[in-house]
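Its first residue numbered -15, the sequence shown is counted upward by one per residue in this note's numbering.
Just so it is clear, CB atoms sit at the ideal spot from N, CA and C, and this is done for glycine as well.
None of these values were measured; they are calculated from a predicted model.
Report on the following structure.
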Amino acid sequence: MKKWSVMVMLVLSMALFVGCGKDTEENLSKTDTVGDAVIISETPQPAKATEEMNQENETAQKEQPQQNQTAEQPAQELVVDPEELQEPEIAPVEINEEVYDENAEKNLQIVFLGDSILDGYRDGTGIAYLTGVGCNAKVFNLAMGGTTAALTTYEDANYEEWNSRCLQGVVHAICGKVDPKILDGYRAGEIFGTCDFSQTDYFVIEYGMNDFLAGIPLSDEDAVYNQYTYVGALRIAVMSLQETYPDAQIVLCSPNYAQFWGKDGAFLGDGNMVNNGGGTLAEYYRVCGNVATDMHTLFLNAYEGIGLDTYTADEYLEDGVHLSEKGRRKYAEKLTEIILAYEAEKNN
């Protein structure tokens, strides 16, 4: 009986071995020998899908809801006629302009040139005033709301006929090239006559928002000092100040991030999306940085460098364009940091 039992078990074992041996040699990775036994090691192979499985997968994929990929897509530019763009008006409020103690000792003198980002707030929450406090500096704010850096197409570039209050006009007046009466009617005109520009340590230049809104061209590749382009205007202003006041340092400030609504109140997009026909606001900020690098000035990236973006816009902007008090304080903090860092480096 034992002999027959052994025979039966041997036959069954061989049958099992034959059944398991249907795998082809390509599924075998290596053969090892341990004593007299032969051990065959198999590499696990991925399961092959049947036609039924493939059909089930296709059906499941079709039925699965598509995920919203909008946030992953790059922002699509929207070309808008500058006529559709508008600068929100700052709500009229009584501004009690902060006056410095003339007898107080100040370490620096800073002259601000800009638009309503600086001109609209002349109280204790204004960028110019806060920067003056942070730098212990005497401040002269010559900013004028609604102005551009560049000349507009209907303005004459002749010094004798000059009547534009753009950045170039203010700089030409500071450098004695045009009559400062072009500033009459603005607070800047009153302040102009009280400033000894030869004592200036820093000229802070903040323009670009109105250039974008007005459709001023970014630049002219054939004429980098074209007075009717944003880049050309910045270059002219920087060059004139450097030639006339070589001991003063210049800080170029880019336009800040903004969001825009059309005349009908419909949301158009932000500075990364809305194109005035010549570029987006983000491009105006970038070329401002390029000019700062090329002409060896300091640079404040107000577009990305003060914590203002699409997520903080409600906190940092009061109307999509102009900075809220929190935004102005952040702006002044960054500007103060840039100036004090340069002072420290210069004195070491």
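Return the CA-CA distance between residue i and residue j, expressed in angstroms with no decimal places.
{"i": "residue 301", "j": "residue 74", "result": "12 Å"}
{"i": "residue 303", "j": "residue 72", "result": "7 Å"}
{"i": "residue 140", "j": "residue 274", "result": "27 Å"}
{"i": "residue 90", "j": "residue 253", "result": "43 Å"}
{"i": "residue 318", "j": "residue 328", "result": "15 Å"}
{"i": "residue 147", "j": "residue 184", "result": "25 Å"}
{"i": "residue 63", "j": "residue 211", "result": "24 Å"}
{"i": "residue 260", "j": "residue 200", "result": "9 Å"}
{"i": "residue 339", "j": "residue 256", "result": "The chain is shown only over -15 to 332; residue 339 falls outside these bounds and no answer can be derived."}
{"i": "residue 155", "j": "residue 331", "result": "28 Å"}
{"i": "residue 247", "j": "residue 153", "result": "30 Å"}
{"i": "residue 187", "j": "residue 323", "result": "11 Å"}
{"i": "residue 245", "j": "residue 287", "result": "18 Å"}
{"i": "residue 142", "j": "residue 202", "result": "22 Å"}
{"i": "residue 297", "j": "residue 144", "result": "43 Å"}
{"i": "residue 335", "j": "residue 176", "result": "Given a span of -15 to 332 for the chain in the structure shown, any question on residue 335 remains unanswerable."}
{"i": "residue 92", "j": "residue 208", "result": "32 Å"}
{"i": "residue 126", "j": "residue 299", "result": "27 Å"}
Who are the near neighbours of residue i in its chain, counting only those whose CB is closer than 6 Å to its CB and skipping five residues on each side?
{"i": "residue 128", "result": "103, 149, 170, 172"}
{"i": "residue 116", "result": "123"}
{"i": "residue 158", "result": "181"}
{"i": "residue 309", "result": "109"}
{"i": "residue 283", "result": "236, 273, 276"}
Looking at the secondary structure, which residues open and close the alpha helix (DSSP H) in which residue i lies?
{"i": "residue 253", "result": "Residue 253 -> not in any alpha helix (DSSP H); beta strand (DSSP E) instead, spanning 251 to 254."}
{"i": "residue 266", "result": "265 to 278"}
{"i": "residue 337", "result": "In the structure displayed, the chain extends from -15 to 332; residue 337 sits before or after that span and is not available."}
{"i": "residue 211", "result": "Here residue 211 belongs to no alpha helix (DSSP H), and DSSP marks it neither H nor E."}
{"i": "residue 169", "result": "Segment: none, residue 169 is in no alpha helix (DSSP H) and carries neither H nor E."}
{"i": "residue 197", "result": "193 to 197"}
{"i": "residue 102", "result": "100 to 103"}
{"i": "residue 200", "result": "Neither: residue 200 is in no alpha helix (DSSP H) and is coded neither H nor E."}
{"i": "residue 314", "result": "309 to 331"}
Might you give, ordered along the chain, the residues of its own chain that have their beta carbon closer than 7 Å to the beta carbon of residue i, omitting 5 neighbours on each side?
{"i": "residue 50", "result": "Confidence at residue 50 is low in this model, with a pLDDT of 44, below 50, so its placement is unreliable and no value can be given for it."}
{"i": "residue 198", "result": "66, 132, 136"}
{"i": "residue 320", "result": "115, 118, 119"}
{"i": "residue 196", "result": "239, 260, 265, 268"}
{"i": "residue 316", "result": "111, 114, 115, 118"}
{"i": "residue 204", "result": "210, 213, 216"}
{"i": "residue 194", "result": "71, 99, 130, 131, 132"}
Hey, quick one: how far does the beta strand (DSSP E) through residue i stretch, first residue to last?
{"i": "residue 247", "result": "Per DSSP, residue 247 belongs to no beta strand (DSSP E) and is neither H nor E."}
{"i": "residue 186", "result": "186 to 190"}
{"i": "residue 152", "result": "From DSSP, residue 152 is part of no beta strand (DSSP E) but of the alpha helix (DSSP H) over 151 to 158."}
{"i": "residue 121", "result": "121 to 125"}
{"i": "residue 382", "result": "Only positions -15 to 332 of the chain appear in this structure, which leaves residue 382 out of reach."}
{"i": "residue 301", "result": "Segment: none, residue 301 is in no beta strand (DSSP E) and carries neither H nor E."}
{"i": "residue 282", "result": "282 to 284"}
Would you say residue i faces chain D, with C-beta separation under 9 Å as the test?
{"i": "residue 248", "result": "Among the protein chains of the structure shown there is no chain D, as only one such chain exists."}
Could you say which of the options lies nearest to residue i if we only look at CA atoms?
{"i": "residue 134", "options": "112, 279, 99", "result": "99"}
{"i": "residue 285", "options": "248, 192, 211, 168", "result": "192"}
{"i": "residue 251", "options": "202, 305, 130, 330", "result": "305"}
{"i": "residue 226", "options": "279, 248, 206, 176", "result": "279"}
{"i": "residue 189", "options": "206, 224, 234, 223", "result": "234"}
{"i": "residue 231", "options": "94, 60, 68, 69", "result": "94"}
{"i": "residue 68", "options": "249, 205, 229", "result": "249"}
{"i": "residue 61", "options": "316, 144, 262, 325", "result": "262"}
Can you list, in chain order, the residues of its chain with a C-beta nearer than 8 Å to that of residue i? Leave out the 5 residues immediately preceding and following it.
{"i": "residue 312", "result": "105, 109, 110, 111, 114"}
{"i": "residue 178", "result": "124"}
{"i": "residue 222", "result": "189, 234, 236, 275, 279, 281"}
Just checking residue i against the ligand GDP - is the residue's beta carbon closer than 8 Å to any of the ligand's heavy atoms?
{"i": "residue 288", "result": "Among the components modelled here there is no ligand, and therefore nothing to report on the ligand GDP."}
Would you call the region 271 to 287 and the region 207 to 224 touching, i.e. three or more CB-CB distances under 8 Å? yes
The region 286 to 302 touching the region 226 to 241, judged by at least three CB pairs closer than 8 Å: yes
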